[in-house]
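Trainee: Starting off with a structure, shown below.
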Amino acid sequence: MCTTDGVSVTAEAMAPAGWSVPVPAGACTSNQWTSGIGSTMAQTDKPTQKKFPGDVEETHPEIFNLSAMPPQSEEKKPGQLPDHMIKQFFEQGYVIVDSFFKKEELDACREAIEVLVDDLANMLYTGGKIKSLYKQYGLFERLTHIEREFPGANIILHKQGKLPQAFRDLWSNSRLLNVVEQLIGPEIMGHPVWNLRTKTPQNEATTVPWHQDCAYLDNRSYEVLQPTSWIPLLDANEKNGCMEVAARGHQKGKVATHQCCWGGTWYVMLEEEEMAKTLDVDLKKDVVLCPVPYGGMLLINNMIPHRSLANMSEDIRWSLDLRWQRPDKSVGFYDLKNGVLMRTKANPDLKIDWDSFEGVDRHIAAVEEMRKDSFPEAEDPRFDTTIQGPWMRKWEMVHMNRHTDTLSNDASSWHKN
Ligand SMILES: O=C(O)CCC(=O)C(=O)O
Ligand SMILES: [Fe+2]
């Protein structure tokens, strides 16, 4: 038995309509995060349409559109954007800030990535996975060479989730938090899902298909504005795989039906047809390419459909995506990891507790959640180039691959029916 909203139901009854689910003992825990809001887990015998845990009818446009814009003060704090840009964020769902960071702030991140790549090279080298350290190559090439010899090296780095001091400083940069304050008000928490993108040239695993960020989170995130700052560590453009957004696709305040998993990856995907139908996106008019120069950032919300293009250049397109939200709302990460408080009126001298935040590795927590009972740990996890996460349970599994193969019976049996 599981409890949702104080009502006890059997695991059988919690299964999404249309699924014939042989529910194993304990499977109800899989749905506890997805049943809270406007649940579509209909309990009819003969549903007409399949619904999956991520699908809800309820919409919350007011959390993401212009009515959510906090009052903007006339006197701007350092770094704060003009009102028309903040307005664009709420109306269009995105805004490109061409020039924002100081050179030294981003250069420090580049140096930190160099160290991360060096550590990775050493680990793979001593583990007998690569025969050269490729030390002669710089930041924009070295990982490509490592990746050629050990495919998936970029995935290992992507999921490492290490927060070097330069990343911490960037994320909690007071000018940047001043901008975040313009979007969500003065109480600010860093969101547990942040990423270093290791986008080597022509690499499927780092080419992210259309999605709304909420589709990766549990359904509580459908009611929380979580702005993202997407920060490239070189000039990002069409050729090296910058981002594209579907402008105004957030205006309905609805998460469209996604599927899993895209090609040989762990990504959920949102079909263009579904985007047009459910989110009123006109793919001819609304898709906006978002090139961002080094020093700039792209701001998006968690409802806007976006994707990144393939990297057809010779260089690695490094970027960081950092998120925030109000601390009094759920981060929507399946209760696996909390956020990190960055600014609060109650304590103007707040010292950010990075150690507690880094104490939980979100990728390991997600893998443990998904593989649970099954899975004999065969290989050295340091060299595991697969990713699993609870988002794989939220949507129809239309395509399984090496990332989904290790899912526990609980998770995968739902999708094999
Ligand atoms: O950087 C990418 O390739 C994708 C980024 C993304 O989807 C995000 O920041 O939410
Ligand atoms: Fe995203």
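Residue numbers for the sequence shown follow the UniProt record's numbering, so the first one is 1 and each next one is one higher. For glycine and all other residues, C-beta sits at the position ideal for the given N, C-alpha and C. What you are looking at is a predicted structure, and each value in this text was computed from that prediction instead of being measured.
Assuming residue 184 is part of the alpha helix (DSSP H), what are its boundary residues?
Mentor: That run of the alpha helix (DSSP H) goes 174 to 184.
Trainee: Taking contact to mean 3 or more Cβ pairs, one atom from each stretch, closer than 8 Å, check whether the stretch 56 to 64 and the stretch 223 to 230 are in contact.
Mentor: As far as the Cβ criterion goes, the stretch 56 to 64 touches the stretch 223 to 230, which means the pair count is three or higher.
Trainee: So does the stretch 279 to 294 actually touch the stretch 113 to 128, counting three or more Cβ pairs closer than 8 Å?
Mentor: The stretch 279 to 294 is not in contact with the stretch 113 to 128.
Trainee: Could you tell me the distance, in whole angstroms, from the CA atom of residue 59 to the CA atom of residue 135?
Mentor: If you take the alpha carbons of residue 59 and residue 135, they lie about 51 Å apart.
Trainee: Please classify residue 321: is it buried, with 16 or more other beta-carbons within 10 angstroms of its beta-carbon, or exposed?
Mentor: Residue 321 comes out buried.
Trainee: Apart from the five residues just before and just after residue 295, which ones in its own chain have a Cβ nearer than 6 Å to its Cβ?
Mentor: 99, 101, listed in sequence order.
Trainee: Does the distance from the CB of residue 82 to the CB of residue 175 come in under 8 Å?
Mentor: Not a contact, by the Cβ cut-off of 8 Å.
Trainee: Tell whether a beta-carbon distance below 8 Å holds between residue 421 and residue 370.
Mentor: Only positions 1 to 417 of the chain appear in the structure, and residue 421 is not among them; the question remains open.
Trainee: Please list, in chain order, all residues of the same chain as residue 112 whose beta carbon is under 6 Å from its beta carbon, the five residues on each side excluded.
Mentor: So the qualifying residues of the chain are 164, 166.
Trainee: Quick one: using the 10 Å Cβ neighbour count with 16 as the cut-off for buried, is residue 213 buried or exposed?
Mentor: Buried, because 16 or more other Cβ atoms sit within 10 Å of the Cβ of residue 213.
Trainee: Are there 16 or more other CB atoms within 10 angstroms of the CB of residue 205, so buried, or fewer, so exposed?
Mentor: Its Cβ being crowded by 16 or more others within 10 Å, residue 205 is buried.
Trainee: Less than 8 Å between the beta carbons of residue 267 and residue 193, yes or no?
Mentor: No. Outside cutoff.
Trainee: Could you have a look at residue 230 and say whether DSSP puts it in helix, strand or coil?
Mentor: Residue 230 falls in the strand class under three-state DSSP.
Trainee: Thinking residue 360 and residue 337 are a contact (beta carbons under 8 Å), I'd like their distance in whole angstroms, please.
Mentor: Confirmed, Cβ separation roughly 5 Å.
Trainee: Could you spell out the range, first to last residue, of the alpha helix (DSSP H) harbouring residue 256?
Mentor: Careful: residue 256 lies outside any alpha helix (DSSP H) and carries neither H nor E.
Trainee: Return the residue from the list 177, 203, 269 that minimises the CA-CA distance to residue 54.
Mentor: Here the closest residue by C-alpha is 269.
Trainee: Check the DSSP bridge columns for residue 400 and list the partner residues they point to.
Mentor: Its beta-bridge partners do not exist; DSSP assigns none.
Trainee: Tell me whether residue 266, by its Cβ, gets closer than 7 Å to a heavy atom of ligand 1.
Mentor: Answer for residue 266: no, Cβ out of range of ligand 1.
Trainee: Between the Cα of residue 215 and those of 87, 305, 110, spot the shortest distance and give me the residue it belongs to.
Mentor: Here the closest residue by C-alpha is 305.
Trainee: Under three-state DSSP, which class holds residue 111?
Mentor: Correct three-state label for residue 111: helix.
Trainee: Pop quiz: residue 342 and residue 132 are said to be a contact at Cβ under 8 Å. What is the actual Cβ separation, rounded to whole angstroms?
Mentor: Contact doesn't hold; Cβ gap of about 41 Å is too wide.
Trainee: Of all residues in the structure, which have a C-beta closer than 6 Å to any heavy atom of ligand 2, taken in chain order?
Mentor: Spelled out in chain order, the answer is 211, 213, 306.
Trainee: Alpha carbon to alpha carbon, how far is residue 319 from residue 109?
Mentor: Rounded to whole angstroms, residue 319 to residue 109 spans 10 Å at the Cα level.
Trainee: If you follow the beta strand (DSSP E) that residue 318 is in, where does it begin and where does it stop?
Mentor: Note, residue 318: beta strand (DSSP E), 317 to 325.
Trainee: Going straight from the alpha carbon of residue 251 to that of residue 88, what length do you get?
Mentor: Those two C-alpha atoms are separated by around 12 Å.
Trainee: Return yes when the C-beta of residue 208 is under 7 Å from any heavy atom of ligand 1, and no when it is not.
Mentor: Under cutoff, so the answer is yes.
Trainee: Residue 394: which of 153, 217, 195, 86 sits nearest, CA to CA?
Mentor: The residue with the shortest Cα to Cα distance from residue 394 is 217.
Trainee: Taking all protein chains shown into account, do 16 or more other C-beta atoms lie within 10 angstroms of the C-beta of residue 309, making it buried, or fewer, making it exposed?
Mentor: Under this definition residue 309 is a buried residue.
Trainee: Can you name the residues that DSSP bridges to residue 195?
Mentor: Paired residues: 321.
Trainee: Look at the alpha carbon of residue 195 and the alpha carbon of residue 156, and state the distance between them as a whole number of angstroms.
Mentor: One C-alpha to the other measures close to 12 Å.
Trainee: Considering only their Cβ atoms, is the gap separating residue 292 from residue 201 smaller than 8 Å?
Mentor: Going by C-beta atoms, residue 201 is not nearer than 8 Å to residue 292.
Trainee: Which of the three DSSP states, helix, strand or coil, is assigned to residue 188?
Mentor: In this structure, residue 188 counts as strand in the three-state DSSP scheme.
Trainee: Thinking C-beta only, is residue 339 closer than 8 Å to residue 243?
Mentor: No.
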